[in-house]
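Participant: Below you'll find the structure I mean.
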Amino acid sequence: MIDPNYDQLLESALVLSPNLRSMLVEQLVASLDDECQAEVDSAWGEEVERRLMEVESGQVSTESSEAVLNRIITMQRPIK
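Just so we're aligned: the sequence shown equals residues 191 to 270 in this note's numbering.
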């Protein structure tokens, strides 16, 4: 269901100059990005906590970045 103010808001926006409409669109999209980013940040926070608990409990082990990079380099070497 569309908000009753939608049609009036759209009509008002459409009479704005292209420059002002563009500015309005940018601000509206930015407001959506902020909301989405908050959800993403929250989800990553939960993921970090979950991974930290796994490491601290011994469920998973860690590896140095040097070891990981060496393994990647070895995997990328052509087979002769």
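Ideal Cβ positions, reconstructed from N, Cα and C, are used throughout, including at glycine. This one's a predicted model, so the numbers in the text were calculated from it and none came from an experiment.
What does the alpha-carbon distance come out to for the pair Val258 and Cys226?
Facilitator: Position 68 of the sequence shown, counted from the start, is the residue given in the question as residue 258. Position 36 of the sequence shown, counted from the start, is the residue given in the question as residue 226. So the two alpha carbons sit approximately 32 Å from each other.
Participant: Just curious, the alpha helix (DSSP H) that Ile262 is in, first and last residue?
Facilitator: In the sequence shown, counting from the first residue as 1, residue 262 sits at position 72. Unbroken alpha helix (DSSP H) run through Ile262: Ser255 to Gln266.
Participant: By the three-class DSSP mapping on this structure, what secondary structure does Gly248 have?
Facilitator: Within the sequence shown, numbered from 1, the residue matching residue 248 stands at position 58. In this structure, Gly248 counts as coil in the three-state DSSP scheme.
Participant: If the criterion is Cβ atoms closer than 8 Å, does the pair Val250 and Glu256 meet it?
Facilitator: If you number the sequence shown from 1, residue 250 lands on position 60. If you number the sequence shown from 1, residue 256 lands on position 66. Cβ atoms of Val250 and Glu256: not closer than 8 Å.
Participant: Compute the Euclidean distance between the alpha carbons of Ser247 and Arg240, then round it to the nearest angstrom.
Facilitator: Locating residue 247 in the sequence shown gives position 57, counting from the first residue. Locating residue 240 in the sequence shown gives position 50, counting from the first residue. Those two C-alpha atoms are separated by around 11 Å.
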